[in-house]
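Note sheet for the following structure.
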Amino acid sequence: NQGANMVFYDLVADGAKIQIMCQAQHHQVGDFKDSHANINRGDIIGVRGFVGRSKTGEFSIFPREVKLLTACLHMLPKDHQGLK
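The numbering used here puts the first residue of the sequence shown at 384, with every later residue one more than the last.
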């Protein structure tokens, strides 16, 4: 999900899910919009920041830096298309 000053990602690894809650006010490295413009589903990203909980109580990472490490060359199917 994207907004003008906030972007959400779900980091999924080994069956665990952590929310990445990117806010423009915490972003310190580079331009906020440029950092998130080329990130798509399935890409491998690196984040640096601090850990906390969102307003809804979900465990989250609040990054100060987001970097695209590797682009996904084959688009992953969405959950409703059979991926579990």
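Positions of the beta carbon are idealized from the N, C-alpha and C atoms, including for glycine.
Here the structure is a predicted model, which is why all the values come from computation and not from measurement.
Here G425 is not near I444, since their CB atoms are 7 Å or more apart.
Closest in C-alpha terms to V412, from the list G429, A396 and L456, comes G429. Following the DSSP letters along the chain, one finds D393 inside the beta strand (DSSP E) bounded by residues M389 to A396. Sorting P446, G440 and I427 by C-alpha distance to the C-alpha of L452 places I427 at the top. F415 sits buried, since 16 or more C-beta atoms from the chains shown fall within 10 Å of its C-beta. Sequence-distant partners of V434 (beyond 5 residues in either direction) whose C-beta falls short of 7 Å from its own C-beta, in its chain, are I444.
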